[in-house]
Amino acid sequence: MTSFPRPAAVVRTAGGSARPAAGLTRAGLAVLITAVFLPQVDFFIVNVALPTIQSSLGASAGALELVVAGYGTAYAATLVLGGRLGDMIGRRRMLLTGLSGFVLTSLVCGTAPGIGVLVAARILQGAAAGLVVPQVIATLQATLSGERRHRALGLYSSAAGAAIVVGQLVGGLLVTADVAGTGWRPIFLVNVPIGAAALIAAGRLVPATRSPHPLGLDLAGTLLFAGTLVALLVPLAEGPTIGWPPWSWGALALVPVLAAATVVVERRAEAAGRVPLLPPSLLRLRSMRRGFAMHLPFMLTYGAFMFVFALTVQTGLHSGVLGGGLAVLPLAVAYFVGSLAAPHAIARFDARRVVAVAAVAVALGLLVLVLVTVTTWPRTDYWAFAPGLVLAGAGQALVFACLFRLILHDVPEHLVGVGGGVVTTVQQSGLALGVATLGTLFVGLEKTGVGPAFVVSLAVQAAIMLAIAAGSLTLPHLHARPGETGVAVDV
């Protein structure tokens with residue numbers, strides 16, 4: 000396997016000399032968690048507002064998918080690029096740049112006069128989020144050690160579960176409040192004061208760190224990878240609603256060409272001694288190859304579920320925006336608890352066994368939702384979904400935590416940061432693909448009835464989770480220390 004330089008974290012003084020990174024205060028940690036929490040919340044907060052956005056802007060179902068998937072695609076494409084820019088020019092500087100972009104694009108989203116502007120602003124917002132997140136992870140690793148680092152990474156991991164709760168509930172509350180007749184717009188505008196406060200605080204409280212041996216940028220690989228995703232996602236989202244015009248088929252025809260070009264460019268970059276966006280040597284590792292075969296479809300089902308569930312509860316059960324936020328609460332709480340329990344489960348039972356059992360639990364939870372829908376629709380009370388949501392949420396948290404560790408199982412210690420960047424990129428790509436594929440399936444079937452469309456979508460997701468459970472038996476064995484709260488990741 001190609002040998003890569005080992006990154007190290009330092010602080011540059013005014014004279015240009017290097018010294019060890021300064022420690023991170025509790026206030027600085029709070030700023031970093033806030034900075035990474037905002038982008039995560041924004042992936043979920045928009046779900047409950049989609050019907051309102053559709054009626055307000057006259058948006059098509061495909062455009063609504065792009066509001067979600069466009070954000071995820073840009074997020075995925077810029078994560079590794081943002082991490083390496085931080086290594087090169089300073090992580091605090093890139094954090095401030097990303098936060099500034101996130102605040103500005105949130106303002107544009109909140110004041111968008113039409114769906115085209117909203118989609119474009121969401122894409123730019125996702126790109127800004129991709130600049131923010133890797134700086135947070137890298138700064139935690141550069142400025143903390145031992146138990147403090149473990150606790151900080153645990154907070155970072157838990158933010159994902161909390162983002163579901165806050166995103167769905169706050170989104171529902173803001174849209175329901177209809178502040179000054181602004182409808183859905185406050186879900187984006189709320190980022191402006193919070194992001195501005197985080198921006199000011201980050202400049203004062205977050206230590207300035209960078210790597211003395213930055214890995215360099217992979218602009219060609221990044222652009223080709225992003226082009227592949229766009230060529231796949233846009234026609235899948237828009238095609239069914241506009242009758243599959245010629246450009247949509249042309250874009251899909253470009254996907255294998257762009258994908259092949261990405262592979263060629265990444266191989267050449269690695270052969271030349273550089274570290275590409277998606278290093279082929281890492282992707283050939285057994286743990287990564289087999290882990291991604293399950294991680295990508297898992298993230299696909301997760302992204303699709305959040306999109307489909309929000310639309311079903313609001314448009315099918317007419318629960319209202321707040322009801323849409325409350326309906327997902329059992330899943331979010333179960334996900335949070337499952338995240339906390341994951342290290343202990345791995346330590347006791349072995350990660351691949353946990354994946355198998357948890358994936359079956361997710362499938363059973365989804366099938367419970369199918370049973371409730373089939374037997375009670377259209378008079379379903381969304382609280383009747385609670386048992387299935389609890390089962391699915393706890394299982395999702397365990398699958399996610401275990402697959403993350405298993406994928407990095409064979410990665411050399413000094414390349415865990417590079418591998419973590421690849422994992423996060425695939426993760427965000429999967430979320431976007433889920434909305435564009437299974438979300439499109441749901442939208443297409445919705446014409447025959449929201450309930451039947453929901454049932455079909457859930458059945459497909461359950462089948463995928465059962466396939467993941469079977470495939471988990473090919474993964475390596477992995478136990479973790481009971482006190483371990485997360486994998487150190489530097490993207």
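In this text, residue positions in the sequence shown follow numbering that gives the first Met the number 0: the first is 0, and each later residue adds one. Virtual Cβ for every residue (Gly too), placed ideally from N, Cα, C.
Asked                                                                                                                                                                                            : Found
Ile52: which of Ile186, Leu277, Leu218, Phe348 sits nearest, CA to CA?                                                                                                                           : Ile186
Taking C-beta to C-beta, are Gln426 and His294 nearer than 8 angstroms?                                                                                                                          : yes
Does DSSP put Arg209 in a helix, a strand or coil?                                                                                                                                               : strand
Whose CA, out of Leu299, Ala350, Gln313, lies closest to the CA of Ile463?                                                                                                                       : Leu299
Going straight from the alpha carbon of Ala391 to that of Tyr334, what length do you get?                                                                                                        : 8 angstroms
Using alpha carbons as the reference points, say which of Ala197, Gly419, Ala48, Leu56 lies closest to Val116.                                                                                   : Leu56
For the putative contact between Pro475 and Leu405, defined by C-beta atoms under 8 angstroms, what is the C-beta separation to the nearest angstrom?                                            : 7 angstroms
Would you identify the three-state DSSP class for Thr181, choosing helix, strand or coil?                                                                                                        : coil
Let me check understanding here. Comparing Cα to Cα, which of Ser54, Val102, Gln140, Ala126 lies closest to Arg90?                                                                               : Gln140
For Val189, does the three-state DSSP call read helix, strand or coil?                                                                                                                           : coil
Using a Cβ-Cβ cut-off of 6 angstroms (strictly less than) and excluding sequence neighbours within five positions of Ser105, which residues of its own chain qualify?                            : Phe187, Asn190, Val191
Looking only at its chain, what residues have a beta carbon closer than 6 angstroms to the beta carbon of Gly182, apart from the 5 residues adjacent to it on each side?                         : Thr51, Ser55
Tell me which residues share the same chain as Val178 and place their Cβ nearer than 7 angstroms to its Cβ, disregarding the 5 neighbours each side in the sequence.                             : Pro185
Would you identify the three-state DSSP class for Gly97, choosing helix, strand or coil?                                                                                                         : helix
Roughly how many whole angstroms lie between the Cα atoms of Gln134 and Arg288?                                                                                                                  : 27 angstroms
Could you tell me which uninterrupted alpha helix (DSSP H) segments, each at least 4 residues in length, are contained entirely in the segment 13-58, listed from first to last along the chain? : 25-44, 49-56
Taking the alpha-carbon of Gly387 as reference, which of Ala362, Gly272, Ala396 has the nearest alpha-carbon?                                                                                    : Ala362
Spatial neighbours of Thr24 within its chain, please: CB distance less than 7 angstroms, with the 5 preceding and 5 following residues excluded, ordered by chain position.                      : Leu204
So is the beta-carbon of Thr375 under 7 angstroms away from any non-hydrogen atom of the ligand ADP?                                                                                             : The ligand ADP is absent from the structure shown, which contains no ligands of any kind.
Residues in the same chain with beta-carbon distance under 7 angstroms from Ala452, minus the five sequence neighbours each way, listed in chain order, please.                                  : Phe441, Leu444, Glu445
Does DSSP put Val174 in a helix, a strand or coil?                                                                                                                                               : helix
Can you look up Cys407 in the DSSP assignment and give me helix, strand or coil?                                                                                                                 : Looking at the sequence provided, one finds Leu at residue 407 rather than Cys. Three-state result, Leu407: coil.
Within its chain, find whatever has a CB closer than 7 angstroms to the CB of Val353; leave out the 5 residues flanking it on each side and keep chain order.                                    : Ala344, Ile345, Leu397, Cys401
By the 10 Å Cβ neighbour count, where 16 or more other Cβ atoms means buried, how is Ala271 classified, buried or exposed?                                                                       : exposed
On a CA-only basis, which of Gly27, Gly438, Ile32 is nearest Tyr155? Give me that one, please.                                                                                                   : Ile32
To the nearest angstrom, how far is the alpha carbon of Gly364 from that of Phe399?                                                                                                              : 16 angstroms
Indicate whether the contact test is met: 3 or more Cβ pairs, each with one atom in the segment 143-153 and one in the segment 85-104, closer than 8 angstroms.                                  : no
Quick test of the definition: if touching needs 3 or more C-beta pairs under 8 angstroms, does the segment 260-276 touch the segment 219-229?                                                    : yes
Classify Arg273 as helix, strand or coil using the three-state DSSP reduction.                                                                                                                   : coil
Can you name, in chain order, every residue of its own chain whose Cβ lies under 7 angstroms from the Cβ of Ala309, other than the five neighbours on each side?                                 : Asn46, Val47, Leu49, Gly323
If Gly238 sits next to Phe101, beta carbons under 8 angstroms apart, how far is it from one beta carbon to the other, in whole angstroms?                                                        : With a Cβ gap of about 30 angstroms, Gly238 and Phe101 do not count as contacting.
Looking only at its own chain, which residues have a Cβ that is under 6 angstroms from the Cβ of Val389, when we skip the five neighbours before and after it?                                   : Pro329, Ala333
Rounded to the nearest angstrom, how far is the Cβ of Gly302 from that of Ala431, given a contact under 8 angstroms?                                                                             : 7 angstroms
Evaluate Ala62 with the Cβ neighbour count: other Cβ atoms within 10 Å of its Cβ, from every protein chain shown; 16 or more gives buried, anything less gives exposed.                          : buried
Using C-beta distances below 7 angstroms, list every residue in its chain close to Phe43, excluding the 5 sequence neighbours before and after it, in chain order.                               : Ala162, Ile163, Gly166, Gln167, Met305
Gly470 to Val422, Cα distance in whole Å?                                                                                                                                                        : 18 angstroms
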